[in-house]
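Residue 546 is where the sequence shown starts when you use this note's numbering, and the numbers rise one by one after that.
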Amino acid sequence: MSQKPDILCIGSVLWDMIGRSELPMVAGNDKPGRIARIPGGVALNIAMTLARFDLDAALLSVVGQDPDGTALLAKCGQLGLITEHILIDPELPTDQYMAIEAQGALIAAIADAHSLEAAGERILAPLSDGRLGREDAPWDGLIALDGNLTEALLARIAASRLFRAADIRLAPASPGKAERLRPLLPHEGTTIYVNCEEAGLITGTTPASAEEGAEALLRAGARRVLVTQGADAAVDATSDQMITRHPPKITPKRITGAGDTFMAAHIAAEARGASRDVALDTALMAAANYVAG
546 MSQKPDILCI
556 GSVLWDMIGR
566 SELPMVAGND
576 KPGRIARIPG
586 GVALNIAMTL
596 ARFDLDAALL
606 SVVGQDPDGT
616 ALLAKCGQLG
626 LITEHILIDP
636 ELPTDQYMAI
646 EAQGALIAAI
656 ADAHSLEAAG
666 ERILAPLSDG
676 RLGREDAPWD
686 GLIALDGNLT
696 EALLARIAAS
706 RLFRAADIRL
716 APASPGKAER
726 LRPLLPHEGT
736 TIYVNCEEAG
746 LITGTTPASA
756 EEGAEALLRA
766 GARRVLVTQG
776 ADAAVDATSD
786 QMITRHPPKI
796 TPKRITGAGD
806 TFMAAHIAAE
816 ARGASRDVAL
826 DTALMAAANY
836 VAG
């Protein structure tokens with residue numbers, strides 16, 4: 546087994562194509578702006594932020610045996626990420642994501658994570674074959690897990706002995722995939738990171754605040770939740786304590802990846818031994834700095 550990473554980041558590793566305009570936009574508009582192609586995907590976004598906090602992050606995902614996959618693996622290596630456990634599949638194309646942003650707000654996005662879904666449980670092989678763990682000696686560290694995995698695979702993870710000792714940090718890939726997280730709500734070692742809308746989708750409620758979203762998730766069986774509500778508030782809640790903080794005021798310049806930055810900064814702060822209130826403050830500041838550009 547290789548030297549143990551500080552955290553495993555399991556989920557989407559892909560190329561982001563992001564178009565940003567400083568002008569207001571609505572559907573159907575054609576406005577000037579800038580277009581960038583950058584490494585992305587929830588798992589990779591989290592891993593890149595963790596690396597900036599000096600944590601060794603290993604990626605469990607899939608890329609194609611194509612020029613896009615080769616270039617992405619090379620870029621991840623340059624960023625100091627551990628890529629040796631990524632599945633390289635000659636039959637699948639490397640996934641990608643496309644988004645349009647205007648004045649720091651998301652206008653539209655399309656996520657093409659079909660290769661990750663097609664690869665399925667094969668990306669988890671290092672957790673069972675001895676490279677990172679075995680059923681009789683499961684991984685007992687941090688895992689950042691994203692909702693781009695299929696609902697069926699997330700349900701298998703929730704019941705798997707391979708994950709019974711892990712500290713799982715769970716995030717949806719988008720509101721449209723939030724309901725996939727339900728099987729992991731009661732998992733003993735899981736902390737869930739969602740926004741207010743996603744909390745409502747998971748619980749079938751319409752929370753008017755981050756606090757209401759957290760309470761709904763706890764009633765649904767979650768052990769610990771972090772719920773954000775844009776520029777208004779963020780909470781860290783368990784059955785016996787709820788901590789509420791308010792983000793610093795900033796002028797937004799970008800939005801894609803903000804939630805991943807929040808989650809990664811929070812994980813890094815707790816890995817360094819920060820208290821729950823300090824970790825929440827740290828995560829909010831990191832996300833605010835990211836959104837401010």
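Cβ coordinates follow ideal geometry from the N, Cα and C atoms, glycine included.
Check your understanding: So what does DSSP say about Asn574, is it helix, strand or coil?
Key -> coil
**Study point:** Same chain, Cβ closer than 8 Å to Gln774, five either side skipped, listed in chain order
**Key:** Cβ neighbours of Gln774 beyond the five flanking positions: Asn740, Cys741, Ser754, Ala755 and Gly758.
Review point. Does the Cβ of Asn574 have 16 or more other Cβ atoms within 10 Å, making it buried, or fewer, making it exposed?
Key: exposed
Point to revise | Rounded separation between Met546 and Ile800 - CA only | key: Note that Met546 has pLDDT 42, beneath the 50 cutoff, so the model's placement of it is unreliable and no number is given.
**Study point:** Through-space distance from Arg790 to Ala689, alpha-carbon basis
**Key:** 23 Å
Point to revise | Leu651 in three-state terms, based on DSSP | key: strand
Point to revise | For Ser747, three-class secondary structure by DSSP | key: Here the sequence assigns Ile to residue 747, which means Ser is not the residue at that position. Ile747: helix per DSSP, three-state reduction.
Check your understanding: Run through DSSP, which three-state label would Leu626 get?
Key -> In the structure shown, Leu626 falls within a coil segment according to DSSP collapsed to helix, strand and coil.
**Study point:** Segments of 3+ residues assigned as beta strand (DSSP E) that fall wholly inside the region 627 to 712
**Key:** 632 to 634, 641 to 647, 650 to 657 and 687 to 691
Exercise for review: Let me know if Asn834 comes out buried or exposed under the rule of 16 or more other beta-carbons within 10 Å of its beta-carbon.
Suggested key: exposed
Check your understanding: Just to confirm, does Asp777 get its C-beta within under 8 Å of one of the non-hydrogen atoms of the ligand COA?
Key -> In the structure on display, the ligand COA does not appear, and there are no ligands present to speak of.
Practice item. Alpha carbon to alpha carbon, how far is Glu567 from Ile504? Give it in angstroms, no decimals. Key: Because residue 504 is not part of the residues shown, which for the chain are 546 to 838, the question remains open.
Point to revise | Helix, strand or coil at Leu840 according to DSSP, with G and I counted as helix | key: Given a span of 546 to 838 for the chain in the structure shown, any question on residue 840 remains unanswerable.
Point to revise | Where Ile563 sits in the DSSP three-state scheme | key: strand
Point to revise | Cross-strand partners of Met787 (DSSP beta bridge) | key: Ala782
**Study point:** As assigned by DSSP and simplified to three states, the class of Pro720
**Key:** helix
Check your understanding: Just how far apart, CA to CA, sit Pro635 and Ala779?
Key -> 42 Å
Check your understanding: So what does DSSP say about Thr594, is it helix, strand or coil?
Key -> helix
Review point. By how many angstroms is the C-alpha of Ala658 removed from the C-alpha of Leu595?
Key: 22 Å
Exercise for review: Report the residue from Thr735, Arg709 and Ala644 whose alpha carbon sits nearest the alpha carbon of Gly802.
Suggested key: Ala644
Point to revise | Euclidean distance between Cα positions of Asp822 and Asp691 | key: Going from the Cα of Asp822 to the Cα of Asp691 covers about 24 Å.
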